[in-house]
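Here's the structure we're looking at; comments come further down.
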Amino acid sequence: MWGIDEKDRRVLIVDSSFQPYFYAVLEENEDPKQVYERIMNEKPRLPLIVNVELDRRKFFGEPVNVARIYCQDPDAIQKYAKVIRSVRGVKECLETDIRYSMRYLIDNDVTPCAWHEVDVKEEESIRGVQVDKVYSACSAPERIQKDDIPQLRVLSFFPICYASKGSPKPERDPVVIIAAVTNTDEKKVFTAKEYDDRDLMHSFIQYVKNFDPDIIVGYQTNQQYWQYLIERAVTLETSLLIDRAGTWPHRSVYGHISITGRASIDMFDFADELPELKVKSLENMTAILGVKNLKEQRIIHELEYSDFWDDEEKRKELLEFALEKAECILGIFEKMFIYASELSKLVGLPLDHIGKAAVGFRTEWYLIREAHKIGELTPERMEQPYIPYAGGMVLKPKPGIHENVCVLDFKSMYPNIMIEKNISPDTYVPPSKPEPDSRVNVAPEVGYRFRREPPGFYKIVLTKLISARDEIRQIMRKVDPSSLDYQLLDARQKAVKVITNAAYGYTGWIGARWFRKPVAEATAAWGRSMIMKSVEIAKELGLDIVYGDTDSLFIKYDPQKIETMIRRIREQLGLEIRPEKTYRRILFTEAKKRYCGLLPDGSLDNVGLEVVRGDWANVAKATQEHVLELILKENSVEKAVEFVKSLIRDLREHKVPYRDLIIWKTLTRPVEKYKVNAPHVETARILKRLGWDLTVGDQVGYVITQGSGRLYERVKPYALASYKEV
DNA sequence: AACTGTGGCGACTAGA
DNA sequence: TCTAGTCGCCACAGTT
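Those letters in the first sequence? Residues 118 to 843, per this note's numbering, in order.
Right, here's the structure in full:
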């Protein structure tokens, strides 16, 4: 364990007492002691087994006999489990694929980014290990209540690779600049001697060693830059020793690059946490987080790096540019750090893994920890066929403009349905099984059964999450909103909310260990039935419903009747529904999931319309937004028409900024795999021909040039077109 | 040759 | 993590 102690010393604690293990689940009709003997008989073939213990656990809620098999070498577990599986009386082996490091954290309830107490003995420092103290653990670490954040040393860096032709290639092209900025206000720019980056690499490595950061941040470092630096170091036949243990950065789980003893964080991985961030560039993320306005940011396109480097005059600009980028990255880190560490604490994945782990894995690691606490075994991951199921219900909107519309929302609908009906992977009663004594809840439409008692795994976990969030929000009310404490609590409740919301989707994910399609399907079915029943209640009261989506109803405002409706829903359905907001005026088209409403504070709520989509040019989005404003706020269609006319004039006269004409789209597959000639695909093909590497997830920006013919025949990458031809 | 209708692809958002 | 839903564009067939 790499950590920081209360005196801000960097420490390494080695706990050699921990033994990795896995479980063998025993057949029900077998005598556990006999199976134990049979397992022990295998010992000569499996010499690394150190101990076998019999125990009781639960698997999908069913009590089972298990043998916990301790194995000296974690790498041998998979192989050993294979042998043990064939022992008579062993049904299956479980938890064989839980990494040793995670096993340690879970079993000792050690939480990353949190304070713990542990009895230690000081040890001699280990060669090549860069810490203040090395200890061995004499006790299991114990979590303590302490929220202070220690003084962390953070280093942000931004490299610039010279590209002689297309994308830079590490075996050919040097790293010409590395800008580094620290949270102690040090700024450094390392440069190559023309095209020789040997010294640059050495001095950067030396600098990192000297500053000894706890956290190294960058942008696109996991996918790009670390790999580049690694391969570059190999090409130059130098070493890249920048960690605290004398090893190279290495690729680890989820495609993350690990730096031993430090947390290596790629801020790009956190771009998904910001839904309003459409084009995931460093510039946009910097702007959206309020670190620096777009207009104040220097722009040098990747295409131009080599031109700037080759030209002595412009080279200075490139250096300043790199430094600015490193500063922006540090700024982004500071805005996101608290959230990242709260998420890490909640889920239990280390800070450097949490960003790269997809939502499904975050949810899963949270569940694995909770399962361990209640003696529930974690299922193995299994291949599942993909079969879709029916989800939420969307009501047809009444097109046109409506005045005073109130939105009623069910509070955490799916989680609360799962709690209320005890829907869980372990409470599901398959058709082949008889109805248990505890009786069952039967889902509407789909007919799946879930036993009512005892509380299922999901009910336990979701109840805990929901009440945790309520508690945090209670405390927040008493805290000064501008304080650090408030930020901390807010980040904490957001992290809890994300995991709570993902729980339903998780059970329907075919990659999930706890995948049970009936769980997801039944939850959605109950959701549909709830909303339909609510519509009935509203109709009985004579309320006018103009729209609804999954867990919400849009109703013409009528305070008394709405009050009655809320009460009836609580009494008859057992769920909480509440007024979320009221629109002064709202516009629906004939389409579902698309509308624009005017809120009491005068702001517009744009839902689903082009305004909020990332695949429209800025000029189109801004125009739609303004038109909606004129219609909803000023009630004037004429003004809107006039505005559009003047905009078209501006467009023809090239008065609209070039940047606003670019259309961005994401590549969802390798360029060769596309079946159609879509504009963004054609753009990608052009870039590829010029030597630029494009992979899945890359965003391409293009403009449509003047002329006639198909759009894909007229596209150009935005950096390669001139305004005149657009 | 120019238009119209339709099915499929692809990207993205709304809601949990 | 899931499903529901929209919309633009392309490709192709059929009509004017």
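Note that beta-carbon positions come from the ideal geometry of N, C-alpha and C, so glycine has one too. Remember, predicted model here, so these are calculated numbers, not experimental data.
>> By alpha-carbon positions, which one of 413, 531 and 385 ends up nearest to residue 473?
In response: Position 356 of the first sequence, counted from the first residue, corresponds to residue 473. When each option's Cα is compared against that of residue 473, the closest is 385.
> In the stretch 160-221, which residue ranges form an unbroken alpha helix (DSSP H) of at least 4 residues, counting only runs that do not cross its ends?
Replying inline: Listed in chain order, the complete alpha helix (DSSP H) runs (minimum 4 residues) inside the stretch 160-221 are 194-202.
>> If I measure Cβ to Cβ from residue 379 and keep anything under 7 Å in the same chain, skipping five residues before and after, which residues do I get?
In response: Here residue 379 is taken as the residue at index 262 of the first sequence, counted from 1. For residue 379, where only same-chain residues beyond five positions count, the Cβ hits under 7 Å are 330, 331, 332, 333, 360 and 361.
>> Please identify the residue among 550, 315, 370 and 713 whose C-alpha is closest to the C-alpha of residue 346.
In response: The residue you call residue 346 lines up with position 229 of the first sequence. For the residues 550, 315, 370 and 713, the minimum Cα distance to residue 346 belongs to 315.
> Should the stretch 781-788 be regarded as contacting the stretch 805-812, the criterion being three or more beta carbon pairs within less than 8 Å?
Replying inline: Under the three-pair Cβ rule at 8 Å, the stretch 781-788 counts as touching the stretch 805-812.
> Roughly how many whole angstroms lie between the Cα atoms of residue 534 and residue 204?
Replying inline: Residue numbering aside, residue 534 sits at position 417 when the first sequence is read from its first letter. Residue numbering aside, residue 204 sits at position 87 when the first sequence is read from its first letter. When the Cα atoms are used, residue 534 and residue 204 turn out to be separated by approximately 42 Å.
> Going by the beta-carbon positions, is the gap between residue 612 and residue 464 smaller than 9 Å?
Replying inline: Walking along the first sequence from the start, residue 612 turns up at place 495. Walking along the first sequence from the start, residue 464 turns up at place 347. It is a contact, given that the beta carbons lie within the stated cut-off.
> Is it the case that the Cβ atoms of residue 189 and residue 136 are separated by a distance below 9 Å?
Replying inline: The residue labelled residue 189 in the question sits at position 72 within the first sequence. The residue labelled residue 136 in the question sits at position 19 within the first sequence. With contacts defined by Cβ atoms closer than 9 Å, residue 189 and residue 136 form a contacting pair.
>> At a threshold of 8 Å, does residue 510 count as lining the ligand COA (C-beta to nearest heavy atom)?
In response: The model depicted lacks the ligand COA and carries no ligand whatsoever.
> With C-beta atoms as the reference, is residue 186 less than 9 Å away from residue 138?
Replying inline: Within the first sequence, residue 186 is the residue found at index 69, counting from 1. Within the first sequence, residue 138 is the residue found at index 21, counting from 1. The Cβ-Cβ distance between residue 186 and residue 138 falls below 9 Å.
> Would DSSP call residue 662 helix, strand or coil?
Replying inline: Numbered from its first residue, the first sequence carries residue 662 at position 545. For residue 662, the three-state secondary structure derived from DSSP is strand.
> Tell me the DSSP bridge mates of residue 138?
Replying inline: Taking the first residue of the first sequence as position 1, residue 138 is located at position 21. Residue 138 pairs with 187.
> Taking three-plus beta-carbon pairs below 8 Å as touching, is the stretch 270-282 in contact with the stretch 444-457?
Replying inline: Put simply, the stretch 270-282 touches the stretch 444-457. At least three CB pairs are less than 8 Å apart.
> Which first and last residues belong to the alpha helix (DSSP H) in which residue 832 is found?
Replying inline: If you number the first sequence from 1, residue 832 lands on position 715. Not the alpha helix (DSSP H): residue 832 falls in the beta strand (DSSP E), residues 832-834.
>> Since residue 492 and residue 174 should fall inside the 8 Å C-beta cutoff, what is the C-beta to C-beta distance between them, to a whole number of angstroms?
In response: The count along the first sequence starts at 1 and reaches residue 492 at position 375. The count along the first sequence starts at 1 and reaches residue 174 at position 57. The beta carbons of residue 492 and residue 174 sit about 5 Å from each other, so the pair counts as a contact at 8 Å.
>> Within the continuous alpha helix (DSSP H) that includes residue 634, where are the two ends?
In response: Position 517 of the first sequence, counted from the start, is the residue given in the question as residue 634. Its alpha helix (DSSP H) spans residues 634-657.
> Anyone know if the C-beta pair for residue 144 and residue 206 falls short of 9 Å?
Replying inline: As a working mapping, residue 144 is identified with position 27 in the first sequence. As a working mapping, residue 206 is identified with position 89 in the first sequence. Against a cut-off of 9 Å, the Cβ pair of residue 206 and residue 144 comes out as a contact.
> Looking at residue 266 and residue 335, is the spacing between their C-beta atoms short of 9 Å?
Replying inline: Indexing the first sequence from 1 puts residue 335 at position 218. Indexing the first sequence from 1 puts residue 266 at position 149. No Cβ-Cβ contact shorter than 9 Å links residue 335 with residue 266.
> Considering only residues of the same chain and omitting the five flanking positions on each side of residue 307, which have a CB-CB separation below 6 Å?
Replying inline: For this step, residue 307 is matched to residue 190 along the first sequence. Taken in chain order, the residues that qualify are 295, 317, 320 and 321.
> Tell me the DSSP bridge mates of residue 722?
Replying inline: Position 605 of the first sequence holds residue 722. Its beta-bridge partners are 714.
>> Only counting the same chain, and skipping five residues up and downstream in sequence, which positions put a Cβ closer than 6 Å to that of residue 648?
In response: Numbered from 1 along the first sequence, position 531 holds the residue referred to as residue 648. Excluding sequence neighbours, residue 648 sits near 510.
> Just reading off the alpha helix (DSSP H) that residue 408 is part of, what are its end residues?
Replying inline: Translated into the one-based positions of the first sequence, residue 408 becomes position 291. Here residue 408 belongs to no alpha helix (DSSP H), and DSSP marks it neither H nor E.
> For the alpha helix (DSSP H) that residue 813 lies in, which residues bound it at each end?
Replying inline: On the first sequence, residue 813 is found 696 positions in, with the first residue counted as 1. First-last for residue 813: undefined, no H or E at that position.
> Thinking just about the alpha-carbon of each residue, which of 388, 498, 514 and 604 is nearest to the one in residue 213?
Replying inline: Sequence index remark: in the first sequence, residue 213 carries index 96 (1-based). Selected option, being the one with the closest Cα: 498.
> Are there 16 or more other CB atoms within 10 angstroms of the CB of residue 576, so buried, or fewer, so exposed?
Replying inline: Sequence index remark: in the first sequence, residue 576 carries index 459 (1-based). Around the C-beta of residue 576, 16 or more other C-beta atoms lie within 10 Å, and the residue is accordingly described as buried.
> Just how far apart, CA to CA, sit residue 556 and residue 220?
Replying inline: Translated into the one-based positions of the first sequence, residue 556 becomes position 439. Translated into the one-based positions of the first sequence, residue 220 becomes position 103. If you take the alpha carbons of residue 556 and residue 220, they lie about 37 Å apart.
> Which term fits residue 339, buried or exposed, when burial requires 16 or more other beta carbons within 10 angstroms of its beta carbon?
Replying inline: In the first sequence, the residue the question calls residue 339 occupies position 222. Residue 339 comes out buried.
>> So, for residue 441: in the same chain, excluding its five sequence neighbours on each side, which residues have a beta-carbon less than 6 Å away from its beta-carbon?
In response: The count along the first sequence starts at 1 and reaches residue 441 at position 324. Excluding positions up to five away in sequence, the list reads 415.
> What number of angstroms, rounded off, separates the C-alpha of residue 753 from the C-alpha of residue 747?
Replying inline: For the purposes of this step, residue 753 is taken as residue 636 along the first sequence, with counting starting at 1. For the purposes of this step, residue 747 is taken as residue 630 along the first sequence, with counting starting at 1. Whole-angstrom Cα-Cα distance: 6 Å.
> Closest by CA to residue 775, which one among 256, 736, 803 and 792?
Replying inline: In the first sequence, the residue the question calls residue 775 occupies position 658. Closest by C-alpha distance to residue 775, out of 256, 736, 803 and 792, is 736.
>> Per the DSSP calculation, residue 696 is bridged to which residue(s)?
In response: As a working note, residue 696 is residue 579 in the first sequence. In the DSSP assignment, residue 696 forms a beta bridge with 525.
> Distance, Cα to Cα, residue 313 vs residue 420?
Replying inline: Here residue 313 refers to the residue found at position 196 of the first sequence. Here residue 420 refers to the residue found at position 303 of the first sequence. Those two C-alpha atoms are separated by around 20 Å.
> If you draw a straight line from the C-alpha of residue 479 to the C-alpha of residue 549, how long is it?
Replying inline: Translated into the one-based positions of the first sequence, residue 479 becomes position 362. Translated into the one-based positions of the first sequence, residue 549 becomes position 432. Their backbone Cα atoms lie some 33 Å apart in a straight line.
> Relative to the C-alpha of residue 369, which residue among 471, 305 and 247 is closest?
Replying inline: The count along the first sequence starts at 1 and reaches residue 369 at position 252. Of the candidates 471, 305 and 247, the one whose C-alpha sits nearest the C-alpha of residue 369 is 471.
> Looking only at its own chain, which residues have a Cβ that is under 7 Å from the Cβ of residue 324, when we skip the five neighbours before and after it?
Replying inline: The sequence position of residue 324 within the first sequence is 207, counting from 1. Sequence-distant partners of residue 324 (beyond 5 residues in either direction) whose C-beta falls short of 7 Å from its own C-beta, in its chain, are 297 and 305.
> Taking buried to mean at least 16 other C-beta atoms within 10 Å of its own C-beta, is residue 290 buried or exposed?
Replying inline: By 1-based counting over the first sequence, the position of residue 290 is 173. By the neighbour-count rule (16 or more Cβ atoms within 10 Å), residue 290 is buried.
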